[in-house]
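The structure appears below as structure tokens.
Okay, here's the thing in structure tokens:
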């Protein structure tokens, strides 16, 4: 790859907390070097809303609603390599704790019966994406090429997986770096 | 072509049957209480479920921990912790006697007619409809058990009538008596099914010749276990005889649970004397005073008959104290009835169940032959094996060895069912070709034969020239025929669901692996599979086969591995080019649609 | 091979080790400081053989090392890429069967299932989740039972019976319905005789049985498997030791 054609990366957070994105930024000054090789496409960092053709897509968060499905499919369609980043993308993570309850019970608790609820009603608007019955790992909705576990993965780990990819190599996370929390 | 067609019509008078269903198994062992499974069965019958209070009561009676009683109740399919209906209907889900066997869903039909959900009891407590693993009526078409009694040859019309009888709460006694008839049809007879067995004849010979010579005769016959594994019967008896212990036991494995097998049903009906005599012979050789028949719960309706034969044999001094006047030979047989668990056909799981525990296979070695029932030396033999042993002693090992093959002496009784005109029992000398069986049972346009049931081997036409025998196609007797019109993917799914349901849950590869396999096959059937799923199925199957704890796991994936080799199209035809989600995305929005009353385009996913 | 082997000696991945009569392959391996991955085994408790992490190969046949007697001349394959791949898959099976949300679990960093995943280089769960709903029991003042995380290893069952002599736990149900039950009149832990000092309350390899109010005494990042591999810790374990320490 020539210096001119930068690697294009898109990122998104589905049912996540943006913690993985924050951790990505923890690269600090190393971001400068990275950005010499990398161009960010659709991402909360750029505020670009439409995903263009990309080399790498980083997905944070699990799949909890219809919009997540559309975004994830859009990423899959536009990104050559798709990486599930963090515990939520990989197995649903903390948002998946709602899977212990029926959706109806969750919504009733939050919008009807919960403490401090005023004007109780379950939101229903065509603008609002419908919730799936459960929160799913991204790999159950689209094929995923690599997994970067952690809650969040550290900045070092982001580099561990990105650097080989930038030079066209298969990344391998050293065992000493693997953690699920 | 020549075959003997005879119908052994057992008396299935419903009045007798119904009184029998409430009868407790007779009790002949020296243990002070009735068997735990029998006690729980009585409670289940009386209260239609086993309540927490009942479990506490049983725990106190048996001086067991409550946890142990709960473990047993929750392990066996025929015990329920929630009340069943007064009419409790169990449809077989096997591919031969199952509710889908005639391309119509008879279970669904009955549920619709009775306004009941499968697996749940109707509000008024009148009826519950469940499905259950094969009930051994495969030669009778779609069948069910209502309060334990078999109704066979189900049709849409009969289901409609059943619905009316249930709706009006008509007592079973007033249901048409012919519905409850079970015919045992032997279309082909060889050594065991032609020879009349005179009660006591084998024991008399054994007493004349003595233990050593009797055992030698069994050893010379090269009789091997008829359950399918083929361990030498004489060798097993010899090992047990030599094993030290306070007591020795002989156990008949009549837990014939492999879908598609029903030969034991006939053998227990028509050849109980030879069976009990085979057990008595074994007891004589190994030095046992107590024997057990572990009878599958699905065959509970055979109990009255078996007790009648046992009682007569006691009167004939063929059982009990001083058998045939021998001062030191005491032996009796108790029947223990299972409660719906295929795994209890595995001999160490069976022994656990016999001890009143969940049927979880033991760590082996040691094997039951040295450490079996109550940790004492125990012979566990198949019904057919014990019957063969009795005949061998009467007729001599030469008579037995004269038929069969070098490695498989004698005959094999096959339970033939599925897509053929003459389902039923077929006894052949070992070495018989599959094609011969297919010709004899008038099976045409056969696509596949499942030899030995779901745990056995699936073969196609190219292998119909192969022989039944330990050296080639080893089988416990199940012979399931699938015609060209059959969707083999549906067959694989049926088998995969069976194993996932019957896995005891002890070891990870089998407990989780059988579920994953089931889910993978379902996914392909739902049109969401890709080539990747085939790779997954293969890897998973190898893992389950090689790394599980017991025979259930070793064999649970056989069918799909065979299928992929012989009928790859069945699994590959429905595959998609492109990945689709592991679950039905649109369906996953259904509850949200209902809660929000939305049905607009964005409330759906494709 | 077996003919030439030294008596009471087996070889594991080519390394010859001695065993004493009655030892399993696992016993002999641990005594020789050879690690065979395991979750349901704990030296000092009767082996069970349920998790199957300790599968090894003898003459191309798979067997669970923790329940297989050592026999002179056995040539055992253990630390091979093929077997470790199988073990990784089995670990993934355990992950998807339960609900293992590590970031929300107090046991994180001290969890052996997690540590096994780390040891075997497991980056994802591979299989679709089972999404099981399992009952939580917070009835005991000092101990929490969260069945979502239970891997049915049976260690608490055995510890309670064999060491605590209380018989607090059992496993009931069949197939994936198998679940841990509590041996008390209500089925609740609060009505059982278990105490926070019992081995059964402390031996859980995952976060299914937790001692309350201890969850965050050691910060995440400084916990056992943040600092050590499961291989290192497994070679130190012994019930007698744990029991005396408590």
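Residue numbers (our numbering), protein chains in the order written: chain A, 1428 to 1608; chain B, 1061 to 1666; chain C, 19 to 264. Beta carbons: idealized from backbone N, C-alpha and C, even for Gly. Since this is a predicted model, take the numbers as computed values, not measurements.
* **Cα-Cα separation between residue 1376 of chain B and residue 1220 of chain B, rounded to whole angstroms** => The sequence position of residue 1376 of chain B within the second chain is 316, counting from 1. The sequence position of residue 1220 of chain B within the second chain is 160, counting from 1. Taking the straight line joining both Cα atoms gives about 48 Å.
* To do: Return helix, strand or coil for residue 1456 of chain A, following the three-state DSSP convention.
  => Against the first chain, residue 1456 of chain A aligns to sequence position 29. It is coil, neither helix nor strand.
* Proximal residues of chain C, C-beta to C-beta of residue 1125 of chain B below 8 Å -> The residue labelled residue 1125 of chain B in the question sits at position 65 within the second chain. Correct list: 185, 188 and 201.
* Using CA coordinates, which residue listed in B/1465, B/1630, B/1439 and B/1589 is at the minimum distance from residue 1544 of chain B? -> Here the question's residue 1544 of chain B lines up with position 484 in the second chain. For the residues B/1465, B/1630, B/1439 and B/1589, the minimum Cα distance to residue 1544 of chain B belongs to B/1630.
* Asked: Does the beta carbon of residue 1437 of chain B come closer than 9 Å to any beta carbon on chain C?
  -> One-based indexing of the second chain puts residue 1437 of chain B at position 377. No, residue 1437 of chain B lies away from the interface with chain C (no Cβ there is under 9 Å from its Cβ).
* Cβ neighbours of residue 233 of chain C in the same chain (closer than 6 Å, five flanking residues each side left out) -> In the third chain, the residue the question calls residue 233 of chain C occupies position 215. 124.
* Residues in its own chain within less than 6 Å of residue 1447 of chain A by CB, not counting five upstream and five downstream? -> Counting from 1 along the first chain, the entry for residue 1447 of chain A is found at position 20. Excluding the 5 residues flanking it on each side, residue 1447 of chain A has same chain C-beta neighbours closer than 6 Å at 1487, 1512, 1513 and 1579, in chain order.
* Asked: If you drop the 5 nearest sequence neighbours on each side, which residues of the same chain put their C-beta closer than 6 Å to that of residue 1514 of chain B?
  -> Working through the second chain from its first residue, we reach residue 1514 of chain B at position 454. Answer for residue 1514 of chain B: 1319, 1555, 1558 and 1619, listed in chain order.
* Within-9 Å CB hit, residue 152 of chain C to chain B -> Numbered from 1 along the third chain, position 134 holds the residue referred to as residue 152 of chain C. Chain B contact via Cβ: absent.
* To do: Quick one: grab the DSSP three-state call for residue 1373 of chain B.
  => Along the second chain, one-based indexing puts residue 1373 of chain B at 313. In the displayed model, residue 1373 of chain B falls within a helix according to three-state DSSP.
* Local Cβ density within 10 Å of residue 1321 of chain B, reported as buried at 16 or more and exposed below that -> On the second chain, residue 1321 of chain B is found 261 positions in, with the first residue counted as 1. Buried: at least 16 other Cβ atoms inside 10 Å.
* Using Cβ-Cβ distances below 9 Å, what residues of the region 1528-1551 of chain A are close to chain B? -> 1529, 1530, 1531, 1534, 1535, 1549, 1550 and 1551
* Asked: Which value, in whole angstroms, describes the spacing of the CA atoms of residue 1226 of chain B and residue 1183 of chain B?
  -> Numbered from 1 along the second chain, position 166 holds the residue referred to as residue 1226 of chain B. Numbered from 1 along the second chain, position 123 holds the residue referred to as residue 1183 of chain B. Using only the alpha carbons, I get a separation of about 14 Å.
* **Cβ neighbours of residue 184 of chain C in the same chain (closer than 6 Å, five flanking residues each side left out)** => As a working mapping, residue 184 of chain C is identified with position 166 in the third chain. Only 178 and 211 meet the Cβ criterion.
* Measure the CB-CB distance between residue 1510 of chain B and residue 1540 of chain B and report whether it falls below 9 Å. => Along the second chain, read from residue 1 onward, the residue named residue 1510 of chain B stands at position 450. Along the second chain, read from residue 1 onward, the residue named residue 1540 of chain B stands at position 480. Against a cut-off of 9 Å, the Cβ pair of residue 1540 of chain B and residue 1510 of chain B comes out as a contact.
* Asked: Would you say residue 1132 of chain B and residue 1100 of chain B are within 9 Å of each other, going by their C-beta atoms?
  -> One-based indexing of the second chain puts residue 1132 of chain B at position 72. One-based indexing of the second chain puts residue 1100 of chain B at position 40. Going by C-beta atoms, residue 1132 of chain B is nearer than 9 Å to residue 1100 of chain B.
* Report the three-state DSSP secondary structure of residue 1507 of chain B (helix, strand or coil). => Within the second chain, the letter at position 447 stands for residue 1507 of chain B. In this structure, residue 1507 of chain B counts as strand in the three-state DSSP scheme.
* **Three CB pairs or more closer than 8 Å across the region 78-91 of chain C and the region 106-115 of chain C** => no
* Can the beta-carbon of residue 1504 of chain B be found closer than 9 Å to that of residue 1262 of chain B? -> As a working note, residue 1504 of chain B is residue 444 in the second chain. As a working note, residue 1262 of chain B is residue 202 in the second chain. No, the Cβ-Cβ distance between residue 1504 of chain B and residue 1262 of chain B is not below 9 Å.
* CB of residue 1495 of chain A within 9 Å of CB of residue 117 of chain C, strictly -> Numbered from its first residue, the first chain carries residue 1495 of chain A at position 68. Numbered from its first residue, the third chain carries residue 117 of chain C at position 99. Taking 9 Å as the Cβ cut-off, residue 1495 of chain A and residue 117 of chain C do not qualify as a contacting pair.
* List, in order along the chain, the chain B residues whose C-beta lies closer than 7 Å to that of residue 107 of chain C? -> Sequence index remark: in the third chain, residue 107 of chain C carries index 89 (1-based). Residues of chain B passing the Cβ test: 1603.
* To do: For residue 1441 of chain B, write down the residues that DSSP places opposite it in a beta bridge.
  => For this step, residue 1441 of chain B is matched to residue 381 along the second chain. Residue 1441 of chain B is bridged to B/1312.
* Between residue 1646 of chain B and residue 1478 of chain B, what straight-line distance do the alpha-carbon atoms span, to the nearest angstrom? -> If you number the second chain from 1, residue 1646 of chain B lands on position 586. If you number the second chain from 1, residue 1478 of chain B lands on position 418. So the two alpha carbons sit approximately 37 Å from each other.
* Answer yes or no: do residue 186 of chain C and residue 202 of chain C have a C-beta to C-beta separation smaller than 9 Å? => Here residue 186 of chain C corresponds to residue number 168 of the third chain, with the count starting at 1. Here residue 202 of chain C corresponds to residue number 184 of the third chain, with the count starting at 1. It is a contact, given that the beta carbons lie within the stated cut-off.
* Between which two residues does the alpha helix (DSSP H) containing residue 1615 of chain B stretch? -> Counting from one through the second chain, the residue named residue 1615 of chain B turns up at place 555. Here the alpha helix (DSSP H) through residue 1615 of chain B covers 1611-1616.
* With 16 other CB atoms within 10 Å as the buried threshold, where does residue 175 of chain C fall? -> Position 157 of the third chain, counted from the start, is the residue given in the question as residue 175 of chain C. Buried, by the Cβ-count rule.
* Asked: Nearest chain C C-beta to residue 1578 of chain A closer than 9 Å, yes or no?
  -> Within the first chain, numbered from 1, the residue matching residue 1578 of chain A stands at position 151. It does; some Cβ of chain C falls within 9 Å.
* To do: Could you check the C-alpha separation between residue 1196 of chain B and residue 1203 of chain B for me, to the nearest Å?
  => Within the second chain, residue 1196 of chain B is the residue found at index 136, counting from 1. Within the second chain, residue 1203 of chain B is the residue found at index 143, counting from 1. Approximately 9 Å between the Cα atoms of the pair.
* To do: Check residue 1062 of chain B in the structure and name its three-state DSSP category.
  => In the second chain, residue 1062 of chain B corresponds to position 2, counting from 1. Note that residue 1062 of chain B scores 31 on pLDDT, short of 50, meaning its location in the model is unreliable and no value can be drawn from it.
* To do: May I have a chain-ordered list of the beta strand (DSSP E) segments no shorter than 3 residues that lie completely inside the region 1210-1258 of chain B?
  => 1243-1248
* Asked: Beta carbon of residue 208 of chain C, beta carbon of residue 155 of chain C: below 9 Å?
  -> Taking the first residue of the third chain as position 1, residue 208 of chain C is located at position 190. Taking the first residue of the third chain as position 1, residue 155 of chain C is located at position 137. Yes, they are a contact pair.
* Using a Cβ-Cβ cut-off of 9 Å, state whether residue 220 of chain C counts as contacting chain A. => As a first step, residue 220 of chain C is located in the third chain; it is residue number 202 there, counting from the start. Chain A, which has no Cβ nearer than 9 Å to the Cβ of residue 220 of chain C, makes this no.
* **4 or more residues per run - each alpha helix (DSSP H) lying fully within the region 1548-1576 of chain B** => 1548-1562
* Asked: Should residue 1642 of chain B be labelled buried (16 or more other beta-carbon atoms within 10 Å of its own) or exposed?
  -> Position 582 of the second chain holds residue 1642 of chain B. Looking at its Cβ environment, which holds 16 or more other Cβ atoms inside 10 Å, residue 1642 of chain B is buried.
* Asked: Looking only at its own chain, which residues have a Cβ that is under 6 Å from the Cβ of residue 1453 of chain A, when we skip the five neighbours before and after it?
  -> On the first chain, residue 1453 of chain A is found 26 positions in, with the first residue counted as 1. These residues qualify, in order along the chain: 1582.
* **Reference residue 1155 of chain B, options B/1128, B/1553 and B/1604, closest by Cα** => As a first step, residue 1155 of chain B must be located in the second chain, where it is residue number 95. Nearest C-alpha to residue 1155 of chain B: B/1553.
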